[in-house]
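Right, one structure below, let's go through it.
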Amino acid sequence: NGPSARSCHKMCIDSQRRQIYTLGRYLDSSVRNSKSLKSDFYRYDINANTWTLLSEDTSADGGPKLVFDHQMCMDSEKHMIYTFGGRILTCNGSVEDSRTSEPQFSGLYAYHCQAGTWSLLREDSCNAGPEDVQSRIGHCMLFHARNRCLYVFGGQRSKTYLNDFFSYDVDGDHVEIISDGTKKDSGMVPMTGFTQRATIDPELNEIHVLSGLSKDKDKREENVRNSFWIYDIARNNW
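Each step along the sequence shown adds one to the number in this note's numbering, with nothing skipped, and position 48 is 63.
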């Protein structure tokens, strides 16, 4: 009674309660229909070795639609899950075929594990207002349990590689742009791009990033970068 085989999904662990949550998956365009495009949501209890289906369709419960290449973080203290970004799967045409329709991206959601309810915190926005967030795929999102902030950076939106870096205060519902990814501070910020991997150390107050694929807009070429960066949160420097 666990989830079906899948790819491009995300998992997060509640280390206090020893439970794993999994959400999202990719579906080939040939098997997409109104039934298969429902977004199921599962929890695995490590001690009991059992799966529980929390939702057959998170979208019907006020949560995200079926997405892939999103990110998911657990706040064990408040028993909350945050999920942001990812490409929304639709029935019309192949996901690579941008001529059929503009790609849709998922916003920032919170899941209250105790109540079993979803909240939409931010819709996807292309207008980069002070409190707006631009959704994406292939990004990094980390939760700092001490200062209670999500940190989001990198990723890709359609054919654009994003290099911005922002935090979201989960208690104060506030977005802070740490770097907008423009050239003026490009010397101090790694070219994160797509498929980078990151971890956070709340004790040292640091974020560690192993870079991935990035595109230079001027040269129109892809670069696989093999660099490792550390971000000091308190000092705000890489």
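Beta carbons are placed, not taken as given, at the ideal position from N, Cα and C, and that holds for glycine.
Note that this is a predicted model, so its numbers are computed, not measured.
Check whether residue i and residue j have beta carbons under 8 Å apart
i, j, result
"residue 161", "residue 186", "no"
"residue 196", "residue 132", "no"
"residue 119", "residue 99", "no"
"residue 72", "residue 54", "yes"
"residue 181", "residue 97", "no"
"residue 83", "residue 104", "yes"
"residue 81", "residue 56", "no"
Option in the options with minimal Cα separation from residue i
i, options, result
"residue 167", "17, 193, 197, 80", "193"
"residue 66", "179, 17, 218", "17"
"residue 34", "41, 26, 40", "26"
"residue 243", "60, 156, 225, 63", "225"
"residue 165", "116, 42, 103, 216", "216"
"residue 70", "103, 36, 179, 46", "36"
"residue 116", "32, 58, 173, 42", "173"
"residue 156", "179, 253, 175, 135", "179"
"residue 241", "251, 205, 218, 19", "205"
Contacting residues, own chain, Cβ-Cβ under 7 Å from residue i (five flanking each side not counted)
i, result
"residue 29", "89, 91"
"residue 171", "151, 152, 153, 177, 209"
"residue 129", "94"
"residue 51", "42"
Beta-carbon contacts of residue i that lie in its chain and below 8 Å, excluding the five residues immediately before and after
i, result
"residue 145", "190, 192"
"residue 214", "157, 222, 223"
"residue 141", "149"
"residue 251", "193"
"residue 20", "none"
6 Å Cβ shell around residue i - same chain, five flanking residues per side excluded
i, result
"residue 137", "122, 123, 148"
"residue 7", "Because the chain is modelled from 16 through 253, residue 7 falls outside the range shown and cannot be assessed."
"residue 248", "220"
"residue 106", "47"
"residue 60", "34"
"residue 22", "41"
"residue 139", "120, 122, 150"
Rounded C-alpha distance that separates residue i from residue j
i, j, result
"residue 246", "residue 153", "19 Å"
"residue 184", "residue 169", "19 Å"
"residue 114", "residue 211", "Legend: pLDDT at residue 114 = 47, less than 50; position of this residue unreliable, value from coordinates given subsequently. Cα-Cα distance, rounded: 28 Å."
"residue 47", "residue 79", "17 Å"
"residue 58", "residue 31", "14 Å"
"residue 45", "residue 222", "40 Å"
"residue 101", "residue 62", "30 Å"
"residue 218", "residue 253", "17 Å"
"residue 64", "residue 75", "28 Å"
"residue 6", "residue 188", "Past the boundaries of the shown model lies residue 6; the chain is included only from 16 to 253, so the question cannot be answered."
First and last residue of the uninterrupted beta strand (DSSP E) at residue i
i, result
"residue 25", "25-29"
"residue 125", "123-127"
"residue 85", "First-last for residue 85: undefined, no H or E at that position."
"residue 106", "Segment: none, residue 106 is in no beta strand (DSSP E) and carries neither H nor E."
"residue 120", "Residue 120 -> no beta strand (DSSP E), and no H or E assigned at all."
"residue 253", "Note, residue 253: premise wrong, no beta strand (DSSP E); not H, not E."
"residue 213", "212-216"
"residue 193", "189-194"
"residue 67", "65-70"
"residue 96", "95-99"
"residue 37", "34-38"
"residue 222", "221-225"
Closer than 7 Å: residue i CB and nearest the ligand HEM heavy atom
i, result
"residue 183", "Looking for the ligand HEM in the displayed structure turns up nothing, as the structure carries no ligands at all."
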